[in-house]
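Per this note's numbering, the very first residue in the sequence shown carries number 4; after that it's consecutive.
Every residue gets a Cβ at the ideal spot worked out from N, C-alpha and C, and that includes glycine.
Below you'll find the structure, written out as structure tokens, and then a few comments.
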Amino acid sequence: MLSYSIAAVVTYLGLVAGMLLAFFTEEELKAGRKYFILLQHVCFISIIAGLFYYFFINKLISELIIIAILFVILALTCYFSAVKLKKSKRKPIIISYIIYAVLAVGFYLSSKVIGMHIIISSLIFIYGLPAGTKLTDPKKKLKSFWIILSHIFYVAIAIILKLRFL
4 MLSYSIAAVV TYLGLVAGML LAFFTEEELK AGRKYFILLQ HVCFISIIAG LFYYFFINKL
64 ISELIIIAIL FVILALTCYF SAVKLKKSKR KPIIISYIIY AVLAVGFYLS SKVIGMHIII
124 SSLIFIYGLP AGTKLTDPKK KLKSFWIILS HIFYVAIAII LKLRFL
């Protein structure tokens, strides 16, 4: 349980590393923004595809159904949030909360097999790098810090799931 909790905290630190990256490389952010967004999409798709592949190959239908349902809920929620919050500055933050809640469930589901857990944990950490830079405004450091800190619920969800379904 301790190693699981530490892994959850380390994967969360991807967001913190992304925030620090944004603070220290302020002038490169505009030029690299499209690459950060691309990296974020590639990592997220890789996480979902990896979970689907593993559960499909090993015929773990209940987990596969959970991932499929979560993915559909995530897609619908993000779509409706994007439509409803079309001009809002909080849109990326709210969508990020939703995505990190789903990533916490994926983190828990991947913990059933150590090899898969290492891969998914690494991808979640890498996902946090561009997500952290995207959520950070280098001119408003304190506000950016609180936005990143508010994502700590990801660790809480992952640990609660592990405790609940030991």
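Assuming contact is defined by CB atoms lying nearer than 9 Å, are residue i and residue j in contact in what I supplied?
| i | j | result |
| --- | --- | --- |
| residue 21 | residue 109 | no |
| residue 134 | residue 32 | no |
| residue 27 | residue 144 | no |
| residue 44 | residue 100 | no |
| residue 123 | residue 69 | no |
| residue 7 | residue 165 | yes |
| residue 129 | residue 106 | no |
| residue 139 | residue 121 | no |
Give the DSSP-derived three-state secondary structure of residue i in the structure shown.
| i | result |
| --- | --- |
| residue 146 | helix |
| residue 4 | coil |
| residue 168 | coil |
| residue 133 | helix |
| residue 114 | coil |
| residue 80 | helix |
| residue 62 | coil |
| residue 141 | coil |
Only counting the same chain, and skipping five residues up and downstream in sequence, which positions put a Cβ closer than 6 Å to that of residue i?
| i | result |
| --- | --- |
| residue 52 | none |
| residue 46 | 126, 129, 130 |
Below 8 Å CB to CB, which residues in the same chain sit around residue i once its five sequence neighbours on both sides are set aside?
| i | result |
| --- | --- |
| residue 104 | 156, 157, 160 |
| residue 167 | none |
| residue 74 | 51, 105 |
| residue 29 | 141 |
Would you mind giving the Cβ-Cβ distance between residue i and residue j, rounded to the nearest angstrom? I have them listed as a contact below 8 Å.
| i | j | result |
| --- | --- | --- |
| residue 54 | residue 113 | 6 Å |
| residue 102 | residue 77 | 7 Å |
For residue i, I'd like the list of residues in its chain whose CB is within less than 7 Å of its CB, leaving aside the five on either flank, ordered along the chain.
| i | result |
| --- | --- |
| residue 39 | 133, 136, 137 |
| residue 11 | 110, 158, 161, 162 |
Which runs of the alpha helix (DSSP H) spanning at least 4 residues fall entirely within the stretch 6-74, listed in chain order?
32-60
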